[in-house]
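Using numbering that gives the first Met the number 0, count along the sequence shown one by one with no gaps and you end on 203.
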Amino acid sequence: MALAVGIAGCASLERNPNVVTPYSDKLSPYNYKEDGKLAMMVVGVDAARFIRKESYFPLFVQVANKTKGTFEITRESFTLEDPLGKQYSMAPAREVTDHYPRLDLDRRLFVQNRQFTLIGVGLYTYVQSNFYPSSSGRGLLIDQVSLPPQSYMEDVIYFPIPESGLNGVPLRLLFKVKGLEEPIEVVFEVPRTLGIFEKDEEKP
């Protein structure tokens, strides 16, 4: 199971003052973007908005390297933080493959989402990653990525459902690698969207 680490002093249900609105800029209805001097990061929630009873949820993530050095990206480079101040590591690939049935569907939505995310990286070189290979056995695990200057990576990554709940709360994805003095962070929200044949069970 993915480890959820509570920040010191945040054991109660008080909201963390560092995780509040305003959200990051929107690139499209379901994509949030932070464009800094050293890196750019986009977080997409198009697939996450359909999550209901699953133990994990997907985020579409894109990172572009604007520095003169190389980013060495691993699973530990990404951390989720909820508004209660709790931090979550990426879910283990085997756990997601064995217990999450939507991997291939998420990947299809991820490909469709590129119509929005590719706009900002036209001058960057693409570097492949694959943190969560297809459940059908296609593709190799690639969870150590060297990102040279003027290059970008994009992938679907998974986290456990946060203690704060998934929908309608400010969540923050932090990206930290050697070469960045401070993490790049995107603050986003996951809306709850009904599927075509789904009834709203939250309504009386």
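Ideal Cβ placement from N, Cα and C applies to all residues, glycine included.
>> The beta strand (DSSP E) that contains glutamate 80, what's its start and end?
In response: Annotation: the continuous beta strand (DSSP E) that includes glutamate 80 extends over 77-80.
> Would the beta-carbon of leucine 79 fall within 7 Å of that of leucine 172?
Replying inline: Against a cut-off of 7 Å, the Cβ pair of leucine 172 and leucine 79 comes out as a contact.
> Of all the alpha helix (DSSP H) runs that stay within the bounds of the region 92-123, which reach a length of 4 or more residues?
Replying inline: The region 92-123 contains these whole alpha helix (DSSP H) runs: 92-98, 102-116.
> Can you pull the DSSP bridge partners for serine 88?
Replying inline: In the DSSP assignment, serine 88 forms a beta bridge with Thr78.
> Where does alanine 63 sit, in a helix, a strand or coil, going by DSSP?
Replying inline: In the structure shown, the three-state DSSP call for alanine 63 is strand.
> Residue range of the beta strand (DSSP E) that serine 54 falls in?
Replying inline: Per DSSP, serine 54 lies in no beta strand (DSSP E) segment and is marked neither H nor E.
> Starting from arginine 171 and walking both ways along the beta strand (DSSP E), at which residues does that stretch end?
Replying inline: 170-174 is the extent of the beta strand (DSSP E) around arginine 171.
>> Quick check on the DSSP output: the beta strand (DSSP E) that includes lysine 36 runs from which residue to which?
In response: Under the DSSP assignment, lysine 36 falls outside any beta strand (DSSP E); it carries neither an H nor an E label.
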